[in-house]
Amino acid sequence: MTQQKGVNLRDIPVSAGQRFLQVTARQEGSPQDRWRLRSSCPSGLVVALRCSECGLQAAALRVVGGTDVAPGRWPWQVSVCQGSQHRCGGSVLAPEWILTAAHCVHRQLPAPAWLVFAGIVTHGSAQPQAGVPVREIIPHPLYSPSSLDYDIALLRLRVPLNFSGAIRAVCLPPSGRDLLQGTPCWVSGWGYTAPEQAQVAATLKEALVPLIGTRRCNSSCVYRGELTARMLCAGHLQGHVDACQGDSGGPLVCWDGATWRLVGVVSWGQGCAEPNHPGVYSNVAQLLPWIHQVTQAH
Ligand code: 4AZ
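Just so it is clear: in the sequence shown, position 60 is 102 by the numbering used here, and no numbers are missing.
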């Protein structure tokens, strides 16, 4: 579901023998489990839903310390490039919307200088003409370059992506509900595979990075209160596996039992894969009102 609106039964045309689907508010289970067929609608309250498929990989088929990814595994992962140069990762939300980090695009070149590559795993294999030009760069208005608070930006593409097995949208998380510490989530990207080696990866990498509670991550031996409510931590306090430069803007996704949801956007960290310095991500569940507002207004 990408949009919802309350409607009064009195205000919509109803035909003879019309039946209704009663929807329960429960979040668990498949949509089918939450619907019941009814012959009337005593409440008189109807909800209009706009739906789109998201968070599914086709045909079920580095990051530091990560492993190579097969095509179609993370079909929402894109490479955000200046010309042919990979700069950052990003995630497909809809055919013409990419979510990335504000620090990737803030005060950078104008929109036409940016290209988005979708449906690729290996850099260099893509023809430059396969890059889709960006029409508009919309950083979060509260983004702070000094604290990296509100580190997200939306890219509106000049032409919509053609969805396929290799290019699909990721789902957004439910609003404001933080997941439990230890939830197994995945980060992916073409960023540095060794912190000291200033080179992006040729092949997309993925790594398992469990969520770390904010209280723990803000403690005196980790980030000492630097995290805001718009941030979350994921990774390993012992180090070795982490996002790194070039992964910024890319997805941190968690499986909710039915779909993959974009829980975080790679944002910052002290170094990469260092002990007690896990990756810090923009907390998407805390930034949903702005994402919905921008994508619905355009
Ligand atoms: C960066 O410079 C960067 N270890 C991204 C992620 C992390 C560190 C730095 C997390 O874009």
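Here a beta-carbon is modelled for each residue, glycine too, at the ideal position from N, C-alpha and C. Everything numeric in this text was worked out from a predicted model, so none of it was measured.
In the DSSP assignment, residue 142 falls within the unbroken beta strand (DSSP E) covering 139-142. In chain order, the residues that have a beta carbon nearer than 6 Å to some heavy atom of the ligand 4AZ are 284, 285, 286, 287, 289, 290, 308, 310, 311, 314 and 321.
About 5 Å separates the CB atoms of residue 325 and residue 274; that is less than 8 Å, so the two are in contact. Ranked by how close their Cα comes to the Cα of residue 177, the residues 158, 186 and 240 have 158 in first place. Scanning 80, 306 and 247 for the CA closest to the CA of residue 59 turns up 80. Between residue 283 and residue 211, the gap from beta carbon to beta carbon reaches 9 Å or more. Boundaries of the beta strand (DSSP E) harbouring residue 196: 195-199, taken from the DSSP string. In this structure, the beta-carbon distance from residue 285 to residue 122 does not fall below 9 Å. The beta carbon of residue 161 lies closer than 6 Å to those of 208 and 209 in the same chain, with the five residues before and after it left out. The C-alpha of residue 335 is placed about 31 Å away from the C-alpha of residue 127. Here residue 238 is exposed, its C-beta having fewer than 16 other C-beta atoms within 10 Å. Taking a 10 Å sphere around the C-beta of residue 96, we find 16 or more other C-beta atoms and assign the residue as buried. Per the coordinates, the alpha-carbon of residue 304 lies some 10 Å from the alpha-carbon of residue 141. Of the residues assessed, residue 119 falls on the buried side of the cut-off, its CB having 16 or more other CB atoms within 10 angstroms. CA-CA distance, residue 309 to residue 287, rounds to 9 Å.
Contact between residue 277 and residue 251 holds, with the beta-carbon distance rounding to 5 Å and staying under 8 Å.
According to the DSSP assignment, residue 123 belongs to the beta strand (DSSP E) that extends over 119-124. Looking at the DSSP output, residue 107 bridges to nothing. In the displayed model, residue 245 falls within a strand according to three-state DSSP. With fewer than 16 other CB atoms across the displayed protein chains lying within 10 angstroms of its CB, residue 47 is exposed.
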